[in-house]
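> Numbering (this note's numbering), first residue to last: 458 to 816.
#1: Go ahead and label residue 504 buried or exposed: buried means 16 or more other beta carbons lie within 10 angstroms of its beta carbon, across all protein chains shown.
#2: Taking the Cβ atom as the reference point for each residue, do residue 538 and residue 573 lie within a distance shorter than 8 Å?
#3: Work out the CA separation of residue 764 and residue 488 for me, nearest whole Å.
#4: Let's see if you can read the secondary structure: which residues bound the alpha helix (DSSP H) around residue 491?
#5: Return the chain-ordered ranges of every alpha helix (DSSP H) run that is complete within the segment 646-722 and spans a minimum of 4 residues.
#6: For the alpha helix (DSSP H) holding residue 631, just list the boundary residues, first then last.
#7: With distances taken from CA atoms, which of 551, 647, 695, 652 is nearest residue 592?
#8: Do you know how far the Cα of residue 566 is from the Cα of residue 510?
#9: Below 6 Å CB to CB, which residues in the same chain sit around residue 631 once its five sequence neighbours on both sides are set aside?
#10: Could you compute how far the alpha carbon of residue 694 sits from the alpha carbon of residue 490?
#11: Keeping to the same chain, check which residues put their C-beta closer than 6 Å to that of residue 658; ignore five residues upstream and five downstream.
#12: Would you grab the beta carbon distance between residue 564 and residue 542 for me? Rounded to a whole angstrom, and I think it's under 8 Å.
#13: Using 8 Å for Cβ pairs, my map puts residue 688 next to residue 645. What's the rounded Cβ distance?
#14: Helix, strand or coil for residue 593, going by three-state DSSP, please let me know.
#15: Go to residue 761, then tell me how far its alpha helix (DSSP H) extends in each direction, as first and last residue.
#16: State the Cα-Cα distance for the pair residue 678 and residue 641, rounded to the nearest angstrom.
#17: Terminal residues of the continuous alpha helix (DSSP H) containing residue 737?
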């Protein structure tokens, strides 16, 4: 609905020339195109989660004890519902007054989707499920193979420190897919090691109880959980691009994959600058790439959306170019008739209290 109206409706433009399409305005495609890229990433990751579930059912595994699958689904639920709310709000604003009208159904979609933010639990609680499993896997490697776990942790830590030191020599071009994948993986690793170290220090050194230690790290927990989901979604997006059999579609999907990865790094660029993973110059490059990618994919938005094969019955709305079978007035409550005075002809003065009357 939103892609159609922004690609067909025109507004503003040079003097003595035709007005340009709404999607041509930079503020419009900068708000909408990252959402479309995120939708693709979540679609491929949801299919991946479905495949894992199907495999567990086929092998008759106990789903109640499938902690890794539960963590993945919990993280996807939180991330996708928050993204849904943000996307709908941006779409509503980008369609102007038309987006406010009930017959265009954006307000109805917002009401329907708002419940999912707390459905099956607050999203922040869902994020804690993810981190609980990540920490369980992190500590398990030390219990099963202590020496190997220590060596692995040490080598990863040294590698990350070298990557952000003045000795670093990066072979990956800033902004390509390999660089973006390494960036989101780096963020997840650093946050995971940091959280494990913080909880260990609070419990073992400061002798805090586990609840107090965990509660004082909840901001760190939420950041790690989202970093994990960002990494998984970008990896699944890149795998889907690689397995696409049609070269033309693969090229288009690669643009959106780069856009999604660039968006993830761009929105956390302050963190990457703090940890010296990005330099000020490379941060500017990431911003420029985000602008260029949004501009380059805006003309393909309708093509990508049509590939979802959403039935017309689900998108009946004037802004989508599909007339709704319900009349416009059917979306608005009828006016309530005012209650007529029981004593007709006597006016309304008798309902007013007299001066000096006790109320």
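Ideal placement from N, C-alpha and C gives every residue a C-beta, glycine not left out.
To lay it out plainly:
#1: exposed
#2: yes
#3: 21 Å
#4: 483-515
#5: 667-672, 675-699
#6: From DSSP, residue 631 is part of no alpha helix (DSSP H); its letter is neither H nor E.
#7: 652
#8: 28 Å
#9: 739, 742
#10: 16 Å
#11: none
#12: Actually they do not touch by this definition, with Cβ atoms about 13 Å apart.
#13: 5 Å
#14: helix
#15: 758-763
#16: 16 Å
#17: 737-754
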